[in-house]
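Here it is as structure tokens:
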């Protein structure tokens, strides 16, 4: 059985735990004044991209989910054929 959800879920869980540990550390461990901006930038990156992407993956579904038009949508399949006119120009229709 090729279930890709469980390994990805574990990666997301461990990554989120590492980000929370980082946030705990920069909150309670003194940081030199010269490095405060680096810590803030790293925290923003981790929260905005790493945790955000993991959460979006969990909420948005799995990679194996079939992407298609939602039920009841007005999207239709169009079949186009290319024909050549007498003057040599092509026409799609």
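Numbering (the working numbering), first residue to last: 46 to 138. Where is the CB? At the ideal position from N, CA and C, for every residue including glycine. The model shown is predicted, which means the values in this text are computed figures rather than measured ones.
* Straight-line gap, residue 56 to residue 72 (C-alpha atoms, nearest Å) -> 24 Å
* Asked: Sorted by chain position, which residues of the same chain lie with C-beta nearer than 8 Å to residue 76's C-beta, five sequence neighbours on each side aside?
  -> 84
* Return the CA-CA distance between residue 94 and residue 74, expressed in angstroms with no decimal places. => 24 Å
* Within its chain, find whatever has a CB closer than 7 Å to the CB of residue 99; leave out the 5 residues flanking it on each side and keep chain order. => 57, 60, 61
* May I ask you to report which of helix, strand or coil DSSP gives residue 75? => coil
* Same chain, Cβ closer than 6 Å to residue 79, five either side skipped, listed in chain order -> none
* Residue range of the alpha helix (DSSP H) that residue 81 falls in? -> 81-90
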